[in-house]
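4 protein chains.
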Amino acid sequence: MIGGGRGSFIGAVHRMAAALDGQIELVAGAFSSDPACSRLTGQDLFLDPERVYPDYVSLLEKEALLPADKKVDIISIVTPNHLHAAPALMALDKGFDVVLEKPMAFSLQEARQLDQKRKETGKEILLCHTYTGYPMVKEARARIARGELGAVRKIYGEYPQGWLHTFLEGSQHKQADWRTDPARSGAAGAMGDIGTHIFNLIEYVSGLQVTQLCADVRTVVSGRRLDDDGAALLRFNNGASGTLMATQVAAGEENKISIRVYGEKGGLEWHQQDPNTLLLKWPDRPAEVVRTGTSYVSDAASHNTRVPAGHPEGYLEAFANLYRNFALALRAKASGQTPSAYIADYPGTTEGVRGMAFIDCMIDSSRAAQKWTDLTV
Amino acid sequence: MIGGGRGSFIGAVHRMAAALDGQIELVAGAFSSDPACSRLTGQDLFLDPERVYPDYVSLLEKEALLPADKKVDIISIVTPNHLHAAPALMALDKGFDVVLEKPMAFSLQEARQLDQKRKETGKEILLCHTYTGYPMVKEARARIARGELGAVRKIYGEYPQGWLHTFLEGSQHKQADWRTDPARSGAAGAMGDIGTHIFNLIEYVSGLQVTQLCADVRTVVSGRRLDDDGAALLRFNNGASGTLMATQVAAGEENKISIRVYGEKGGLEWHQQDPNTLLLKWPDRPAEVVRTGTSYVSDAASHNTRVPAGHPEGYLEAFANLYRNFALALRAKASGQTPSAYIADYPGTTEGVRGMAFIDCMIDSSRAAQKWTDLTV
Amino acid sequence: MIGGGRGSFIGAVHRMAAALDGQIELVAGAFSSDPACSRLTGQDLFLDPERVYPDYVSLLEKEALLPADKKVDIISIVTPNHLHAAPALMALDKGFDVVLEKPMAFSLQEARQLDQKRKETGKEILLCHTYTGYPMVKEARARIARGELGAVRKIYGEYPQGWLHTFLEGSQHKQADWRTDPARSGAAGAMGDIGTHIFNLIEYVSGLQVTQLCADVRTVVSGRRLDDDGAALLRFNNGASGTLMATQVAAGEENKISIRVYGEKGGLEWHQQDPNTLLLKWPDRPAEVVRTGTSYVSDAASHNTRVPAGHPEGYLEAFANLYRNFALALRAKASGQTPSAYIADYPGTTEGVRGMAFIDCMIDSSRAAQKWTDLTV
Amino acid sequence: MIGGGRGSFIGAVHRMAAALDGQIELVAGAFSSDPACSRLTGQDLFLDPERVYPDYVSLLEKEALLPADKKVDIISIVTPNHLHAAPALMALDKGFDVVLEKPMAFSLQEARQLDQKRKETGKEILLCHTYTGYPMVKEARARIARGELGAVRKIYGEYPQGWLHTFLEGSQHKQADWRTDPARSGAAGAMGDIGTHIFNLIEYVSGLQVTQLCADVRTVVSGRRLDDDGAALLRFNNGASGTLMATQVAAGEENKISIRVYGEKGGLEWHQQDPNTLLLKWPDRPAEVVRTGTSYVSDAASHNTRVPAGHPEGYLEAFANLYRNFALALRAKASGQTPSAYIADYPGTTEGVRGMAFIDCMIDSSRAAQKWTDLTV
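And the structure:
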């Protein structure tokens with residue numbers, strides 16, 4: 194693991210997600226740009242001090258020299274956005290598969306570089322669009338793909354949060370600090386942090402691609418250096434339309450990412466804060482409440498579920514699904530097999546490059562006088 | 194009553210709403226452009242056949258000649274949009290107060306004429322934006338007006354329906370038929386029918402005005418002659434922004450108008466399909482579930498409630514609140530008194546003119562290449 | 194109308210319910226045991242002073258003498274329990290049909306007398322078990338009757354309220370006052386006021402009868418003279434079992450009557466505070482959300498619905514369904530026709546007698562040392 | 194680990210729960226009474242084959258001989274009920290701390306023996322009443338303990354499931370098979386499997402003890418050898434009363450354990466299928482929606498939460514809280530420290546003995562002719 198030292202939020206999440214299924218063991222880390230912090234974090238995690246490194250370069254160099262049965266297989270990079278590309282490129286070069294936090298990089302150009310390097314090295318990248326790991330998101334995608342809703346006409350995606358409704362970066366808040374800093378976060382704040390999630394969820398669930406959008410991106414909280422709010426009208430490659438909303442100033446909201454899709458024959462909706470339920474709506478018969486862990490859901494949903502219906506699974510399980518599928522896919526590859534479709538179904542560089550293009554498109558559109566801006570990769 | 198013959202939807206709703214509180218009695222009508230239908234409807238309603246008229250002109254002329262203690266006081270006009278202005282103008286001229294269905298008229302010009310006539314005659318117009326009659330909508334408005342949320346920053350208004358997801362007007366469906374006919378509905382279909390409702394709700398609850406919008410208005414169902422779907426980015430007169438959605442092709446949705454407002458200090462949300470609940474959300478303490486009929490709500494909410502908490506009130510009660518407040522305001526006026534603020538709080542021509550301007554602005558913006566279009570009255 | 198003077202809760206409810214559908218007109222009343230209050234109430238209601246009577250005896254005697262086309266057809270009795278039987282018996286004797294509040298009488302003996310008198314006079318009684326007027330309650334009954342759940346095995350009925358969680362009768366609260374007074378309420382407080390409602394709902398929805406119960410009835414609030422809380426284990430005539438709960442001391446609850454029924458093949462649940470939804474649950478497929486006003490519900494549900502799906506109907510509409518069905522059934526009878534099954538479907542003396550037997554059984558069982566007490570009519 | 198071989202449900206849950214926080218590592222096991230199955234399970238889990246044992250006796254004997262820094266610290270016993278006591282007693286004797294599935298034993302007598310042995314050996318037992326591990330259950334307990342509801346008056350606990358609504362044990366269903374077999378499950382089926390959970394939840398949240406109950410326990414599904422359904426009236430040591438329901442034949446239900454508590458000043462409710470929400474209800478102000486991961490919850494709730502508000506935590510996290518607290522408490526003990534109150538807050542033998550007494554009391558009461566049966570430990 195690179196990053197994720199004491200006090201980190203997402204580093205701890207990655208460790209829990211990776212540990213849950215007993216498929217992946219954390220054995221080495223460069224947890225912080227501060228070597229002392231890295232060392233202490235290693236202690237907290239009961240790691241062999243030999244494999245707790247002061248920086249990512251040492252980690253990658255030294256681990257690469259270890260014998261195959263000892264060295265790490267996967268490098269998880271959980272640093273702020275500006276520190277994704279360099280360690281990831283080096284890890285790929287050294288022959289490691291890579292887990293990367295989203296957005297994939299600091300810029301679209303970096304994202305393209307990573308995608309290129311992945312292809313050159315033949316290694317794999319998992320990009321942590323966690324919300325696609327939920328069983329009911331898989332179910333939604335499967336049902337739309339099967340044509341249950343008919344042709345998709347309307348998509349409404351939302352990601353309201355409230356935690357940045359005040360100038361939190363003014364009070365030594367580590368998470369707020371780097372996310373609102375252009376030097377570490379990139380061209381966008383909220384659009385990169387959560388906009389890319391809802392954009393990815395929309396494209397993943399619908400199987401469609403956004404071709405054009407018209408955005409209004411804003412900085413609502415005074416003094417903030419990056420956007421904290423945005424909305425857009427969307428156009429899709431099949432002629433459908435929709436809206437996307439992402440805001441971090443919806444005071445009182447927690448983490449309410451949700452999606453609604455309507456087709457010719459019916460609609461569906463999913464809300465991350467009630468993740469084990471997928472609602473199907475029909476014009477001529479009762480709405481149906483599809484639930485995680487039941488006997489009637491798709492293989493994709495079942496495979497990504499651990500406990501019977503009525504035993505709620507949440508965010509960490511969704512995250513763990515990414516790790517587990519990545520690990521299973523790598524094992525399959527290592528043994529020369531083709532992983533099943535629902536194992537190979539994890540986000541990677543294709544999604545990452547589109548996400549970076551989305552960020553640029555939102556920012557460009559918001560500044561433009563004309564209505565529509567093309568989203569091109 | 195003008196319109197509302199057998200088979201009409203909204204005419205029956207008006208009659209129930211007017212009857213509920215025992216303040217208004219239906220005594221005369223011209224229920225249809227077909228005199229026989231008008232007569233039969235009169236019979237259904239146990240009316241004196243003498244006061245069931247073959248057309249609105251006879252009704253207004255003859256009723257105007259009756260003695261003051263006998264003639265009708267209020268004329269309810271529940272016809273399609275193209276038949277609002279003429280009977281309303283004549284009714285005002287003849288000295289009647291008027292109840293009008295929304296949108297107020299066939300065009301912005303007609304709406305301005307009605308507003309002008311109302312001022313000239315000194316009579317009153319009630320415009321049936323039903324959703325503002327709900328107690329929890331009153332409560333939302335009251336709390337925002339009191340500053341409980343702080344300055345408003347974001348407003349999200351939605352009105353998804355699904356009933357026009359097929360070409361219903363092709364199968365002799367009376368409601369679908371006129372609403373999708375430019376000659377009877379006006380410049381817009383869904384934007385007039387339900388777009389004006391959510392626009393009105395947004396302005397009513399927030400106390401703000403939309404100054405600019407950027408719209409994408411569509412006709413999704415093939416063969417349809419007017420729009421059935423739309424969305425817009427919004428800008429408000431205090432600097433806030435938001436989105437508006439109104440669609441009649443969200444297959445599987447019923448009548449799910451809802452609003453969310455976020456301010457500096459918190460947020461609120463209200464859903465018409467669960468109308469007796471208003472949710473207040475706070476960043477630093479539990480969300481609160483405000484309920485109709487409780488001891489702690491505003492006078493505005495209490496006044497518009499009939500039964501104790503836990504006895505659900507619905508659409509007809511909200512509609513009846515418009516009628517009751519209008520009747521009470523007219524009584525107060527008749528006796529030279531000033532009605533209390535929450536009695537005088539019913540929608541009228543100001544809201545009607547803004548609604549017609551909204552329709553034009555949505556259509557214009559949707560056709561425009563530039564992003565923002567001013568909403569001017 | 195007998196009772197329902199200024200300040201009354203249920204009298205106003207009856208008037209709104211009766212007025213809603215334009216089938217019934219209020220023309221006469223003895224609204225209070227205080228003639229002045231009766232007179233003022235009549236004024237509030239715009240009644241002819243001639244037909245506002247100082248007491249129920251005058252009302253019944255004088256109305257009986259009026260010509261058939263003038264006199265009232267139906268007498269609504271909305272007084273406290275101890276004043277049900279006498280006016281009802283007299284009304285029946287004078288040839289009027291009767292609407293009665295629940296519980297039907299002060300005692301089981303009175304209830305039997307009323308049932309007997311109804312049979313002798315050939316007149317009709319409507320007993321206001323309002324909750325059976327909801328469309329989704331009709332739907333639940335229809336689906337169970339059709340066998341959709343298979344044989345019923347378990348029934349859970351609840352009626353929690355919180356309004357009597359303090360000694361409210363100590364502070365001049367009219368509603369609390371008579372309901373907790375043995376001289377006016379009868380043998381029971383909460384068991385009569387709300388216990389009979391949930392008991393009726395259980396038997397109505399399931400189509401079964403309680404044969405035995407085991408109760409724990411309590412007076413929780415110190416100083417109270419009647420019960421305010423109770424629960425019972427139930428046994429039904431088909432071998433099913435269940436529980437019943439009714440309490441008025443669940444501090445914070447409004448009026449949360451609900452029912453759940455499970456059969457061999459599935460279950461259903463209905464909650465009065467969300468009345469337009471009926472949830473069907475299945476072991477092998479998604480739960481279904483059945484909704485008022487949709488195209489797919491039973492005739493019984495459709496007949497008792499006024500507005501399209503998504504326009505909430507509530508307590509007053511449910512109440513109005515009782516009145517409307519009663520009026521339609523009386524009209525059918527008057528014209529020698531048999532009303533359709535869903536019109537004749539309103540609660541009457543059979544339900545009333547069973548309700549009074551239920552009250553006695555709850556009180557007896559609670560005092561008994563043995564577990565089970567038979568419920569016999 | 195003892196038990197939990199391939200195909201086991203709860204064994205896999207224990208492994209995930211133990212792994213989540215990186216505090217506990219699985220290193221040895223006797224996973225099945227079939228040595229081959231045990232060996233294969235060990236392979237699945239990447240264990241050293243040397244430490245995968247053919248039976249629990251070998252495991253305990255051999256591990257006890259290993260050096261302190263190598264041998265296991267904790268023995269998790271995840272076998273059917275009849276195989277709890279023997280390995281647990283031996284594990285305690287050999288100096289291991291023990292994790293036990295509920296109900297604690299096959300009989301009350303065995304439970305007392307285990308409690309006694311624990312005291313004699315000075316070792317610790319964690320009993321897996323998972324539902325008490327949820328943060329919002331901790332919050333509920335904390336708020337009641339602080340007196341926020343005033344004195345508790347009413348408690349309603351429910352645990353409806355539907356998975357045994359058919360004769361599932363007739364079709365080679367491993368989970369159904371042993372749970373309905375008196376030789377493996379004990380005196381009760383559903384009352385032991387889920388009745389003990391809701392009983393424990395009631396006592397844990399309220400801080401009260403059941404002193405008497407009146408039960409109706411049933412076998413609904415024909416051919417079944419143990420109970421699959423039950424309900425009881427409850428009396429508590431502070432004079433409060435309530436009801437308990439536990440059924441496995443509520444066709445269509447998943448795992449809907451829930452609790453409602455009402456005191457003099459307000460009420461609360463918690464539903465396991467929406468576990469991150471605790472609803473507080475007040476008679477004189479809006480209900481409050483308390484949420485996991487927020488800034489305002491108790492230390493007990495915060496300590497048992499891993500991710501920020503809006504990132505759902507579920508069943509596995511609740512389970513992991515038991516393991517983590519047990520591990521932290523053992524570490525504290527090992528280093529001579531007193532763990533904080535919310536770390537020491539895990540269920541153990543006291544709860545286990547009460548649970549077994551509850552089972553006996555339910556069965557005895559159900560067979561008794563008298564109403565109340567004392568629950569004595």
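Chains as they are written, first to last, in the numbering used here: chain A, 194 to 570; chain B, 194 to 570; chain C, 194 to 570; chain D, 194 to 570.
Every residue, glycine too, gets a C-beta built ideally from N, C-alpha and C.
Under the Cβ distance rule, P501(A) counts among the residues neighbouring chain D, one pair being separated by less than 9 Å. Straight across, the Cα-Cα distance linking G529(C) with L521(C) is about 12 Å. L357(D) sits close to Q441(D), with the two beta carbons spaced by under 9 Å. Taking 8 Å as the upper bound for CB-CB distance, N448(B) and G503(C) are in contact here, some 3 Å apart.
Comparing C-alpha distances from M194(D) to each of K263(D), G222(D), L437(D), I217(D) shows the shortest one belongs to G222(D). L437(D) has G350(D), A425(D) as its beta-bridge partners, per DSSP. When C-beta distances to chain B are compared with 8 Å, the residues of the region 505-520 of chain C below that value are P505, E506, G507, Y508, L509, E510, in chain order. By the C-beta density criterion, A344(D) is exposed, having fewer than 16 other C-beta atoms within 10 angstroms. Note on geometry: alpha-carbon atoms of T470(C) and A335(C) lie some 15 Å from one another. At a Cβ-Cβ threshold of 9 Å, E332(A) and I391(A) do not count as neighbours.
Among the CB atoms of chain C, none fall inside 9 Å of the CB of T498(A). In the structure shown, I270(D) falls within a strand segment according to DSSP collapsed to helix, strand and coil. Between the beta-carbon of V271(A) and that of I203(A) there is about 5 Å, and that keeps the pair under the 8 Å contact cut. With a contact defined as Cβ atoms closer than 8 Å, L213(D) and L509(D) qualify at about 7 Å. In this structure, DSSP gives K287(A) a state outside helix and strand, which the three-state scheme calls coil. Rounded to the nearest angstrom, the Cβ distance from D420(C) to R411(C) is 6 Å, consistent with a contact under 8 Å. As DSSP reads the structure, A223(D) sits in a beta bridge with I195(D).
In terms of beta-carbon proximity, N393(D) stays away from the interface with chain A, with every pair separated by 9 Å or more. Y455(B): member of the beta strand (DSSP E) spanning 451-456, first to last residue. In this structure the region 400-415 of chain B lies against the region 542-555 of chain B, because at least three pairs of beta carbons, one per stretch, are closer than 8 Å. Taking 4 residues as the shortest admissible run, the region 348-427 of chain B contains the following complete alpha helix (DSSP H) segments, listed from N- to C-terminal end: 367-372, 375-378, 389-399. Taking a cut-off of 8 Å on C-beta distances, the region 554-568 of chain D does not touch the region 537-546 of chain D, as fewer than three cross pairs fall below it. P468(A) belongs to the set of residues whose beta carbon lies under 9 Å from a beta carbon in chain D.
Residue contact with chain A for A229(C): absent (no Cβ-Cβ distance below 9 Å to any residue of chain A). Chain B places no beta carbon closer than 9 Å to that of E462(C), leaving this residue out of the contacts. Between the region 272-292 of chain C and the region 315-328 of chain C, the count of C-beta pairs closer than 8 Å reaches three or more; the two stretches touch.
Across the structure, R305(B) and S399(B) are spaced so that their CA atoms are roughly 24 Å apart.
Between I452(C) and I536(C), the C-beta gap is not smaller than 9 Å, which leaves the two residues out of contact. Rounded to the nearest whole angstrom, the C-alpha separation of M283(D) and L253(D) is 8 Å. In the DSSP assignment, K474(C) forms a beta bridge with G460(C). As computed with DSSP, V292(D) is found in a beta bridge with S269(D), L319(D). Listed along the chain, the chain D residues whose CB falls inside 8 Å of the CB of K449(A) are G503. For the 9 Å CB-CB criterion, G197(B) and F239(B) do not form a contact.
Minimum Cα-Cα distance from A205(D) among the listed residues A229(D), S269(D), P247(D), Y455(D) corresponds to S269(D).
As DSSP reads the structure, Q563(A) sits in a beta bridge with Q563(B).
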